[in-house]
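A.B. asks:
There are 4 protein chains.
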Amino acid sequence: MSRVTIEEFERIAYERVPFVAQLGVIVEEIEAGAARLRVPFRDDFLRPGGTISGPVMMGLADLAMYAAVMSRIGPEELTVTTDLNINFLRRPLPGDLLAEAKVLKLGKRLAVGEVGLFRDGDDDMVAHVTATYSIPPQADADMAQA
Amino acid sequence: MSRVTIEEFERIAYERVPFVAQLGVIVEEIEAGAARLRVPFRDDFLRPGGTISGPVMMGLADLAMYAAVMSRIGPEELTVTTDLNINFLRRPLPGDLLAEAKVLKLGKRLAVGEVGLFRDGDDDMVAHVTATYSIPPQADADMAQA
Amino acid sequence: MSRVTIEEFERIAYERVPFVAQLGVIVEEIEAGAARLRVPFRDDFLRPGGTISGPVMMGLADLAMYAAVMSRIGPEELTVTTDLNINFLRRPLPGDLLAEAKVLKLGKRLAVGEVGLFRDGDDDMVAHVTATYSIPPQADADMAQA
Amino acid sequence: MSRVTIEEFERIAYERVPFVAQLGVIVEEIEAGAARLRVPFRDDFLRPGGTISGPVMMGLADLAMYAAVMSRIGPEELTVTTDLNINFLRRPLPGDLLAEAKVLKLGKRLAVGEVGLFRDGDDDMVAHVTATYSIPPQADADMAQA
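Chains as they are written, first to last, in this note's numbering: chain A, 1 to 146; chain B, 1001 to 1146; chain C, 2001 to 2146; chain D, 3001 to 3146.
Next comes the structure, spelled out in structure tokens:
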């Protein structure tokens, strides 16, 4: 079971990470070790070629992974990304973006996960992300209690 | 000498990549193979812990590298990022962010570069980025003529 | 159906990439867009802590992805890695290593894939790799005919 | 001043990481936060196209960064790579390979660095690497005492 609810995570996103939240993120699902987020399409997301710009995808992926990590360790806001790697696979045409994040490894100090990004209604992945998060020390204690 | 001017690149950024431009990017310098961009601080860039959020840095770095590549190939808007890797080194306190991008390798089909991100007034790098860009085919022809 | 057979790929690996082949690689399966390779354990693979060293995993993953790309484009030896990103998730104890590679995107110029590395008999992934390969121009022609 | 000597590090490499050491690595210089290593050319390093294969470069870069981290924290053998990202920039023709590693950030738990790889006698970088290392807990204590 997730240690953070959709409502809790959306509140964290909108109140505490406003630059990212202004993407208009909707959290669709959080379960233990995984999260699915949606960003409804907006015209200002486009870049030359008529496809969605990379930073929209990077912001969404980072937030989706933040949710997936919190699903395991609880709402530890001080968890921070230490590195993120994105491969852009296909140029997404206008449409909602979906991010499906899952935790590959949860350690005491680091969590590693991957995120697949999709255009709604299309099975072909548009970008693949791996990212590592540093877990704050007191969260370790929480994990030990869990 | 750069094949794109500061004015040309700012126009491309603000008209053609509006989501990224709304960071409030200022292009400070473009020379052949390098670019320096600034993002003035705004409160909504902060994240828990009182530091600047990762997606602000990723968007800035991607745009800075786009400028550095155009400094070599001209204003080829269809140049796209194929992958980007960021290591977050230090959590930047409130302040302007600077991105210093340089091209490591310009090939016919791909350009690779690195970007150092700094908080204005502080010599310690806050994030390091490497990224690869795919150059549109007709730009190859331009390069051959150059 | 794969456009390269196990026998063809093992011959390429052992004759043409001898440094990597000396890992003792066994190609277990190649199908269209995917490959599974094994490296039987050897004592000299160990590093301090009694776990298998990173370069063994990187060499195996790179070769596995090379096989998966060839399964789609045929035995184009001049296909080269343009970038590779590895996240080490768990420290593998002595045992055979398995690499499961699959192509995420095959374009005309670039192929992108991911590789999961496992210790034989253990379901937990020990390392996750994404990598991009540049496809030689004449292979494009082959693909167009395919 | 480096907290590990060339002799100490070469002993660690040859006795404790034999698979990597069999590249024939020579440690040319270690100073605080930086290291330069050389791998003399061997025919079995080549791959199709007559250039040096990627895994040779990855193994060398990983070992060079391991040395650079030890230059700051001492001979903590249990320091492990958590992720490594390599961009291959140019295909190196036969010749010695040089790796120049430097630490970008040394934290209590993680160290991040970058490595430039060069063919001896040529100023153009052939590959660029960033990598993160996890520092064993007791090394933190050593650092606090330092």
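We treat Cβ as the ideally placed atom computed from N, Cα and C, and that holds for glycine. Quick caveat, the model's predicted, so the values are computed rather than measured.
Can you tell me the Cβ-Cβ gap for V3025/D and S3071/D, rounded? I've got them flagged as a contact below 8 angstroms.
C.D. replies: The pair is not a contact, with the Cβ atoms about 16 angstroms apart (cut-off 8 angstroms).
A.B. asks: Where A127/A and A2013/C are concerned, what is the direct C-alpha to C-alpha distance, given to the nearest angstrom?
C.D. replies: 30 angstroms
A.B. asks: Is there at least one Cβ from chain D nearer than 7 angstroms to K1105/B's Cβ?
C.D. replies: yes
A.B. asks: Got a sec, what are the start and stop residues for the alpha helix (DSSP H) R1119/B sits in?
C.D. replies: R1119/B -> not in any alpha helix (DSSP H); beta strand (DSSP E) instead, spanning L1110 to R1119.
A.B. asks: Can you tell me whether DSSP reads L3104/D as helix, strand or coil?
C.D. replies: strand
A.B. asks: In angstroms with no decimal places, state the Cα-to-Cα distance between D43/A and E1010/B.
C.D. replies: 19 angstroms
A.B. asks: Which class does M2001/C belong to by DSSP, given the choice of helix, strand or coil?
C.D. replies: coil
A.B. asks: On the three-state DSSP scale, how would you describe S3071/D?
C.D. replies: helix
A.B. asks: Check I2135/C in the structure and name its three-state DSSP category.
C.D. replies: coil
A.B. asks: Could you tell me which residues DSSP pairs with D1083/B in its beta bridges?
C.D. replies: DSSP, once it has assigned bridges, lists N87/A and T1132/B as partnering D1083/B.
A.B. asks: Nearest CA to the CA of E1007/B: which residue from V1020/B, M1065/B and E1028/B?
C.D. replies: For the residues V1020/B, M1065/B and E1028/B, the minimum Cα distance to E1007/B belongs to E1028/B.
A.B. asks: Tell me which same chain residues have a C-beta within less than 6 angstroms of the C-beta of T3130/D, skipping the five on either side of it?
C.D. replies: N3085 and E3114
A.B. asks: Beta carbon of T2081/C, beta carbon of D2062/C: below 7 angstroms?
C.D. replies: yes
A.B. asks: Roughly how many angstroms lie between the CA atoms of F88/A and L78/A, to the nearest whole one?
C.D. replies: So the alpha carbons of these two residues sit roughly 28 angstroms apart.
A.B. asks: By a C-beta neighbour count over all protein chains shown, 10 Å radius and 16 as the cutoff for buried, is M1/A buried or exposed?
C.D. replies: exposed
A.B. asks: Would you list, in sequence order, the uninterrupted alpha helix (DSSP H) runs of no fewer than 4 residues that lie entirely inside the segment 1008–1049 of chain B?
C.D. replies: 1018–1021
A.B. asks: When burial is assigned at 16 or more other CB atoms within 10 Å of the CB, is D1124/B buried or exposed?
C.D. replies: exposed
A.B. asks: Scan the segment 81–93 of chain A for residues whose Cβ lies nearer than 7 angstroms to a Cβ of chain C and list them as they occur along the chain.
C.D. replies: N85, N87, L89 and R90
A.B. asks: Give the secondary structure of L2098/C by DSSP, where H, G and I count as helix, E and B as strand, and everything else as coil.
C.D. replies: strand
A.B. asks: Would you please verify whether the beta carbon of F19/A is less than 7 angstroms from any beta carbon of chain B?
C.D. replies: yes
A.B. asks: Please look up how many angstroms separate the CB atoms of F1118/B and L1093/B, rounded, as I've assumed it's under 8 angstroms.
C.D. replies: About 12 angstroms separates the CB atoms of F1118/B and L1093/B; that is not less than 8 angstroms, and the two are not in contact.
A.B. asks: Determine the chain A residues that contact V2112/C at a beta-carbon separation under 7 angstroms, and present them in chain order.
C.D. replies: N87 and L89
A.B. asks: Taking only the alpha-carbon atoms, compute the straight-line gap between F1045/B and G1107/B and give it to the nearest angstrom.
C.D. replies: 35 angstroms
A.B. asks: Would you list, in chain order, the members of the segment 3031–3056 of chain D that have their beta-carbon closer than 7 angstroms to a beta-carbon of chain C?
C.D. replies: D3044, F3045, R3047, P3048, G3049, S3053, G3054, P3055 and V3056
A.B. asks: Can you tell which of R109/A, A67/A, V56/A and E76/A has its C-alpha closest to the C-alpha of R91/A?
C.D. replies: V56/A
A.B. asks: So A21/A and A68/A are supposed to be a Cβ contact under 8 angstroms. How far apart are they, rounded?
C.D. replies: With a Cβ gap of about 17 angstroms, A21/A and A68/A do not count as contacting.
A.B. asks: R2036/C to L2060/C, Cα distance in whole Å?
C.D. replies: Each residue's Cα considered, the two are about 10 angstroms apart.
A.B. asks: Does E2076/C pass the burial test, meaning 16 or more other C-beta atoms within 10 Å, or should it be called exposed?
C.D. replies: buried
A.B. asks: Taking 7 angstroms as the threshold (beta carbon to beta carbon), is R3109/D in contact with chain A?
C.D. replies: yes
A.B. asks: Who are the neighbours of T1132/B on chain C, taking C-beta pairs under 8 angstroms?
C.D. replies: T2082, D2083 and T2132
A.B. asks: Closest by CA to I2030/C, which one among L2104/C, L2110/C, Y2066/C and I2135/C?
C.D. replies: Y2066/C
A.B. asks: Could you check the C-alpha separation between R1016/B and P2136/C for me, to the nearest Å?
C.D. replies: 32 angstroms
A.B. asks: Note down the Cα distance separating A34/A from P3040/D, rounded to an integer number of angstroms.
C.D. replies: Near 47 angstroms, if we compare the C-alpha coordinates of P3040/D and A34/A.
A.B. asks: Residues in the same chain with beta-carbon distance under 7 angstroms from L1023/B, minus the five sequence neighbours each way, listed in chain order, please.
C.D. replies: V1039, V1056, G1059 and L1060
A.B. asks: Exposed or buried, which one is D3196/D when buried takes at least 16 other CB atoms within 10 Å?
C.D. replies: As displayed, chain D neither begins before 3001 nor continues past 3146, which places residue 3196/D out of reach and without an answer.
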